[in-house]
Amino acid sequence: MIIRYALFEGEIQAGRESEFRRFVKEKLVPLWTQFPGAEEVRVLDGAVRDEGAPIYAMALAIRYSAMDSCNRALQSDVRSQSRDVTGELLKMFTGRVHHHVFEANEYAPGQISKQQQTAH
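This is how it looks when you write it as structure tokens:
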């Protein structure tokens with residue numbers, strides 16, 4: 001499983017937080033959920049962080065079954081549309097956006113300890 005993150009490192013302009021979040025939900029989420037091959041779209045709004053940690057106003061996480069699916073989405077017309085719309089969003093944001101791709105593994109809570117117990 002592949003998860004591609006767009007990390008919004010920085011701050012939403014003071015007083016525009018609600019407008020920023022509404023814009024994402026109304027204008028961008030409908031586009032992001034149309035990315036070919038996307039299995040899950042998560043928008044994470046920055047809430048609390050460790051003292052001294054960088055500020056992330058938002059993170060977008062899109063899950064794909066494989067890197068090929070992710071690459072197809074990146075080449076799609078709807079992704080181009082979303083980039084144009086994101087340009088409008090960035091007028092409410094001070095910082096930078098960078099992307100990271102992770103290979104993901106999932107583990108249910110307690111799963112490992114239960115497997116270890118049955119192995120003995």
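Residues in the sequence shown are numbered consecutively from 1, following our numbering. Note that CB positions come from ideal geometry on N, CA and C, so glycine has one too.
In summary, phenylalanine 8 is buried, with 16 or more beta-carbon neighbours lying within 10 Å of its beta-carbon over all protein chains present. Threonine 86 sits in a helix when the DSSP states are folded into three classes. A direct Cα-Cα distance of roughly 19 Å separates glutamate 106 from cysteine 70.
At a Cβ-Cβ threshold of 9 Å, phenylalanine 102 and isoleucine 3 count as neighbours. For aspartate 45, the enclosing beta strand (DSSP E) starts and ends at 40-45. In the structure shown, isoleucine 62 falls within a strand segment according to DSSP collapsed to helix, strand and coil.
A direct Cα-to-Cα measurement between methionine 1 and alanine 14 gives close to 37 Å.
Nearest C-alpha to alanine 61 among Pro109, Trp32, Ile112, Gln111: Trp32.
By the neighbour-count definition (other C-beta atoms within 10 Å, threshold 16), methionine 67 is an exposed residue. Secondary-structure assignment with DSSP links alanine 6 through a beta bridge to Leu60, His99.
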